[in-house]
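So that you can map any letter, position 39 of the sequence shown is 38 in numbering that gives the first Met the number 0, and since no number is skipped, the others follow by simple counting.
Note that CB positions come from ideal geometry on N, CA and C, so glycine has one too.
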Amino acid sequence: MPAFEPVLTRNFAVPDSQTLRAYESRGGYQASRKAITEMDPDKVVQIVKDSELRGRGGAGFPCGLKWSFLPKDRQETFMCVNGDESEPATFNNRLLIERDPHQFIEGILISCFATKAATAYVYLRFEYIHAFRIMERAIAEAREAGHLGKNIYGSGFDLEIYCHRGAGAYICGEETGLIESLEGKRGWPRIKPPFPAIEGAFRKPTVVNNVETLACVPHIIERGADWFKSIGTPKSYGPKLYCVSGHVNKQVCVELPLGVTTRELIEDHAGGVWKGRKVKATVPGGISMGVMSADEMDVKLDFEDIKKTGCLGLGTAAVTVMDDQTSMVDYLYNTSRFFAHESCGQCTPCREGTGWMYKIFKRIKAGGGRLEDLDVLTMMANNMGLTPGTTICGLADGAAWPVKNVLAKFRPELEEYIKKNQSSKPLVTPLQKAIAAGTVAEPVALGGRVYPAPQPALRSPGGS
Ligand SMILES: Cc1cc2nc3c(=O)[nH]c(=O)nc-3n(C[C@H](O)[C@H](O)[C@H](O)COP(=O)(O)O)c2cc1C
Ligand code: SF4
Numbered sequence: 000m001p002a003f004e005p006v007l008t009r010n011f012a013v014p015d016s017q018t019l020r021a022y023e024s025r026g027g028y029q030a031s032r033k034a035i036t037e038m039d040p041d042k043v044v045q046i047v048k049d050s051e052l053r054g055r056g057g058a059g060f061p062c063g064l065k066w067s068f069l070p071k072d073r074q075e076t077f078m079c080v081n082g083d084e085s086e087p088a089t090f091n092n093r094l095l096i097e098r099d100p101h102q103f104i105e106g107i108l109i110s111c112f113a114t115k116a117a118t119a120y121v122y123l124r125f126e127y128i129h130a131f132r133i134m135e136r137a138i139a140e141a142r143e144a145g146h147l148g149k150n151i152y153g154s155g156f157d158l159e160i161y162c163h164r165g166a167g168a169y170i171c172g173e174e175t176g177l178i179e180s181l182e183g184k185r186g187w188p189r190i191k192p193p194f195p196a197i198e199g200a201f202r203k204p205t206v207v208n209n210v211e212t213l214a215c216v217p218h219i220i221e222r223g224a225d226w227f228k229s230i231g232t233p234k235s236y237g238p239k240l241y242c243v244s245g246h247v248n249k250q251v252c253v254e255l256p257l258g259v260t261t262r263e264l265i266e267d268h269a270g271g272v273w274k275g276r277k278v279k280a281t282v283p284g285g286i287s288m289g290v291m292s293a294d295e296m297d298v299k300l301d302f303e304d305i306k307k308t309g310c311l312g313l314g315t316a317a318v319t320v321m322d323d324q325t326s327m328v329d330y331l332y333n334t335s336r337f338f339a340h341e342s343c344g345q346c347t348p349c350r351e352g353t354g355w356m357y358k359i360f361k362r363i364k365a366g367g368g369r370l371e372d373l374d375v376l377t378m379m380a381n382n383m384g385l386t387p388g389t390t391i392c393g394l395a396d397g398a399a400w401p402v403k404n405v406l407a408k409f410r411p412e413l414e415e416y417i418k419k420n421q422s423s424k425p426l427v428t429p430l431q432k433a434i435a436a437g438t439v440a441e442p443v444a445l446g447g448r449v450y451p452a453p454q455p456a457l458r459s460p461g462g463s
């Protein structure tokens, strides 16, 4: 097998890598010229389809197939590039934009030509102010040089790119939440169908793709679909930027063929586990994907094999390492707090479920846990999300998966914690005790009004 040659990061170490001069001197914008002057849009779509490029934003949906869902008779198309990158521990999009913005712009240019979009919006998370400034400069340079604007390369194709900063919400990374936010509304995901390809931004056919997905496109045009498919594992082709963080000696973002293992990432690229400790668990691709145990470190991190571990998917391939001194109670307390804060609140199972999960973990952490909490948590995790069909978007699945995986893989640790850490303080009020015991409690007086006592059938799983 030929040695792997990084392409997405090949300019990262070049001085002035953000400038048009540096990018063009290394062959930049040749692929866009080739696509726009020598091919028609359908041909470009076919090449990307043949490459079997799968979306790098989380779901791994085939990119060319998504483009082919656009209606044939459409009048106007929008491209929305998802640079929200709010999945914890994920920073590959930021590096792609900050270190090589013209590679990214060339990817947008070719993808817009293929999908006949004359307007592209790059949606950047609020915190990425540096990336935003770099993009604004690079867009101006590209327009000045004729790579953007009217009649690009004399082909009659026009394209404008606008950068839009979000206000800092995880849910605006979900493609329809992003579109709502772009339109100036609250970032509430839309019920699908219709999918964005039919009715997206401003109710027009829209393609939503991740930054890294589009950064792959110039290389596919330049080197061909077969080259792309020669990298990676079956059904997971091409290069991938893996981020590694947490309890490692060196936090890195490294470009490798899809399908490396967590062990290789930690040992060969991140300098091993810090303080000479051992791995207890790893998060494969952002916290919404769940948790892998130390026994699963040789599973391939691609779109298919990862599912053997019970994780939701590859996600963003941002690996977080937890050493053998990490408490899984702390881990779940933190993840549940994150999702309870980020739920947009539209769907009851997500709004209430994430809130109750957080309350239960807070109580367990404080020493007020009950063994039956673990069954209640499993029941909640199994009933919220797109997977059981109870919510509009996948945020709820993301909240459920860490809980499901930890309960399946580390339940004895949680049980031991609950038994050992019972607080001597009365964390449970007499009213809560009465509710838990199913006995009728006294009416509750609050703010001058007397409320009837909650009935046993309505009792809630929290206790704080
Ligand atoms: C709660 C939630 C958050 C998401 N956040 C992001 C994100 O920050 N960036 C991203 O590219 N995709 C994110 N996605 C996935 C997008 O909805 C969408 O699938 C993706 O942008 C499509 O691009 P791709 O096909 O190129 O991967 C998120 C999905 C969900 C459910
Ligand atoms: S699943 Fe959660 S985040 Fe997604 S739309 Fe429903 S309430 Fe909002």
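Applying the 10 Å Cβ sphere with the 16-neighbour rule, what's the burial state of residue i?
i: Met-321; result: buried
i: His-146; result: buried
i: Leu-7; result: buried
i: Thr-36; result: exposed
i: Lys-299; result: buried
i: Ala-12; result: exposed
i: Met-378; result: exposed
i: Lys-42; result: exposed
i: Lys-306; result: exposed
i: Lys-277; result: exposed
i: His-246; result: buried
i: Pro-233; result: exposed
i: Lys-65; result: buried
i: Gly-384; result: buried
i: Thr-438; result: exposed
i: Leu-370; result: exposed
i: Arg-20; result: exposed
i: Glu-415; result: exposed
For residue i, does the three-state DSSP call read helix, strand or coil?
i: Cys-310; result: coil
i: Val-278; result: strand
i: Leu-331; result: helix
i: Arg-458; result: Residue confidence is low: Arg-458 scores 49 on pLDDT, short of 50, so the model does not pin down where it sits. Its coordinate-derived value is still stated next. Reduced to three states, the DSSP call for Arg-458 is coil.
i: Val-272; result: strand
i: Ala-12; result: coil
i: Ser-463; result: Since pLDDT at Ser-463 reaches only 40, below the 50 mark, its modelled position is unreliable, and the value read off the structure follows with that caveat. Coil.
i: Lys-249; result: coil
i: Leu-95; result: helix
i: Asn-381; result: helix
i: Asp-464; result: An answer regarding residue 464 cannot be provided, because it is not within the stretch 0 to 463 covered by the chain.
i: Leu-238; result: One point to set straight first is that residue 238 is Pro, not Leu, in the sequence displayed. In the structure shown, Pro-238 sits in a strand (DSSP, three-state: E or B).
i: Asn-81; result: strand
i: Glu-254; result: strand
i: Ser-244; result: strand
i: Asp-72; result: coil
i: Lys-408; result: helix
i: Gly-352; result: helix
i: Ser-292; result: strand
i: Ala-317; result: strand
i: Gly-54; result: coil
i: Val-206; result: strand
i: Pro-401; result: helix
i: Thr-386; result: coil
i: Gly-284; result: coil
i: Gly-344; result: coil
So, under 8 Å CB-CB, residue i and residue j are touching, yes? Tell me the CB distance rounded to an integer number of Å.
i: Ser-335; j: Met-356; result: 4 Å
i: His-101; j: Tyr-22; result: 4 Å
i: Tyr-122; j: Cys-79; result: 6 Å
i: Ile-46; j: Pro-217; result: That belief does not hold up - the Cβ atoms of Ile-46 and Pro-217 are roughly 12 Å apart, past 8 Å.
i: Ala-34; j: Ile-151; result: With a Cβ gap of about 11 Å, Ala-34 and Ile-151 do not count as contacting.
i: Cys-171; j: Asp-83; result: 5 Å
i: Gly-354; j: Arg-362; result: Actually they are not in contact, since the Cβ atoms of Gly-354 and Arg-362 sit about 13 Å apart, beyond 8 Å.
i: Glu-254; j: Pro-411; result: At roughly 38 Å, the Cβ-Cβ gap does not stay under 8 Å, so Glu-254 and Pro-411 are not in contact.
Minimum length 3: unbroken beta strand (DSSP E) runs contained in the segment 151 to 193: Within the segment 151 to 193, complete beta strand (DSSP E) segments of at least 3 residues are found at 156 to 164, given in chain order.
Runs of beta strand (DSSP E) lying entirely within the segment 109 to 158, each at least 3 residues, in chain order: As for any beta strand (DSSP E) of minimum length 3 sitting wholly inside the segment 109 to 158, the runs are 118 to 123 and 148 to 151, ordered along the chain.
Cβ contact check for the segment 89 to 107 and the segment 222 to 233: 3 or more pairs under 8 Å: Verdict: no, contact absent.
Residues whose Cβ lies closer than 6 Å to any heavy atom of ligand 4, in chain order: For ligand 4, the structure offers nothing, since it holds only ligand 1 and ligand 2.
Three CB pairs or more closer than 8 Å across the segment 275 to 291 and the segment 398 to 406: Yes, since at least three Cβ pairs between the segment 275 to 291 and the segment 398 to 406 fall closer than 8 Å, the two stretches touch.
contact_flag[the segment 76 to 94, the segment 205 to 214] where n(CB pairs < 8 Å) is 3 or more: Because the criterion of three Cβ pairs below 8 Å is met, the segment 76 to 94 and the segment 205 to 214 touch.
The segment 338 to 345 contacting the segment 302 to 317, beta-carbon criterion three pairs below 8 Å: Verdict: no, contact absent.
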